[in-house]
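Residue numbers (UniProt numbering): 1 to 290. First comes the structure, then the notes that go with it.
Right, here's the structure in full:
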């Protein structure tokens with residue numbers, strides 16, 4: 001049963017293209033889902049092999065590289081009125097270089113007539129400040145990745161040529177991004193008793209579809225599952241479902257954290273999560289949302 005109200009498409013023609021910048025772990029299944037729902041999709045990859053992979057799936061594929069110094073030449077990819085940016089920040093790359101990449105992106109989008117942009121951001125912009133993180137709180141990122149993402153948000157929001165919606169996802173989970181061994185858990189031992197802010201990829205895809213379908217532009221949304229179990233509980237559920245032994249996880253010192261609220265998104269889009277509780281992911285069979 002669908003958890004989304006049956007709203008009609010709002011002046012978004014089935015033949016009007018949408019471009020997805022970044023055909024990776026999120027962007028590619030997103031493009032496939034939107035294509036199934038009647039949209040003509042253009043998808044970017046950075047290599048010839050990636051372009052071939054996307055083309056074999058029946059999507060319009062383009063080689064787009066944001067690397068510093070590369071001019072973004074005109075192509076049909078940029079002529080879609082709606083641009084969905086799913087490119088994640090690049091750890092280790094200087095902040096100024098990443099900002100320069102987005103400045104070139106904005107210049108090309110402006111010149112090509114893009115009218116609305118969706119930017120996939122992160123709840124890391126809030127920092128771990130022991131608070132309920134809502135969209136009304138001024139972001140105060142405490143880690144380099146969150147600082148870069150927040151500045152990229154601001155670059156896009158200041159551009160008057162198009163309307164930008166910022167979608168701040170919690171940690172992305174599902175499919176091959178689920179713990180399947182004790183080794184995978186060892187890396188997160190310090191934060192074992194902090195609440196999680198995560199979201200399943202299927203919910204990510206459906207939320208983006210709703211933003212496009214309802215034309216919810218010029219907004220800022222948080223998107224994280226309703227429930228916030230501790231990592232200890234999450235890993236225990238994974239171990240039971242996937243039949244591996246947990247490492248010894250004794251008491252740990254409390255770590256700074258936050259709890260992300262998605263109430264604004266749920267109310268504005270009339271959206272109900274497919275996976276409101278991350279623990280239930282291990283109890284439900286995998287399914288294809290396409």
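Ideal placement from N, C-alpha and C gives every residue a C-beta, glycine not left out.
Beta carbon of residue i nearer than 7 angstroms to that of residue j
i           : j           : result
residue 61  : residue 43  : yes
residue 102 : residue 155 : yes
residue 170 : residue 112 : no
residue 120 : residue 165 : no
residue 124 : residue 92  : no
residue 83  : residue 181 : no
residue 228 : residue 276 : no
residue 31  : residue 41  : yes
residue 148 : residue 95  : yes
residue 191 : residue 231 : yes
residue 159 : residue 106 : yes
residue 264 : residue 65  : no
residue 161 : residue 110 : yes
residue 45  : residue 72  : no
residue 122 : residue 189 : no
residue 268 : residue 218 : no
residue 17  : residue 80  : yes
residue 252 : residue 176 : no
Whole-angstrom C-beta distance between residue j and residue i, which should lie under 8 angstroms
i           : j           : result
residue 129 : residue 138 : Not really, about 11 angstroms apart at Cβ, beyond 8 angstroms.
residue 78  : residue 108 : 6 angstroms
residue 199 : residue 172 : 6 angstroms
residue 59  : residue 98  : Not a contact, Cβ separation roughly 26 angstroms.
residue 279 : residue 234 : 6 angstroms
residue 208 : residue 118 : 6 angstroms
residue 127 : residue 281 : Not a contact, Cβ separation roughly 27 angstroms.
In DSSP terms, what residue i is bridged to
i           : result
residue 63  : 45
residue 281 : Per DSSP, none; premise fails for residue 281.
residue 116 : 82 and 163
residue 223 : 169
residue 230 : 195
residue 17  : 40
residue 174 : 177
residue 28  : None; residue 28 has no bridge partner.
residue 200 : 173
residue 132 : 259
residue 122 : 169
Three-state secondary structure (DSSP) of residue i
i           : result
residue 188 : coil
residue 146 : helix
residue 10  : Its pLDDT being 38, under 50, residue 10 is placed unreliably in this model, and the value from its coordinates should be taken loosely. DSSP places residue 10 in coil when its eight states are reduced to three.
residue 275 : coil
residue 261 : coil
residue 195 : strand
residue 245 : coil
residue 90  : coil
residue 207 : helix
residue 253 : coil
residue 100 : helix
residue 138 : coil
residue 58  : coil
residue 216 : coil
residue 155 : helix
residue 183 : helix
residue 52  : helix
residue 34  : helix
residue 236 : helix
residue 269 : helix
residue 72  : coil
At least three beta-carbon pairs within less than 8 angstroms, the stretch 259 to 277 to the stretch 208 to 225: yes
Contact the stretch 201 to 208 vs the stretch 46 to 62: 3+ CB pairs below 8 angstroms: no
The stretch 236 to 246 in contact with the stretch 178 to 193 per 3-pair CB rule at 8 angstroms: The stretch 236 to 246 vs the stretch 178 to 193: in contact.
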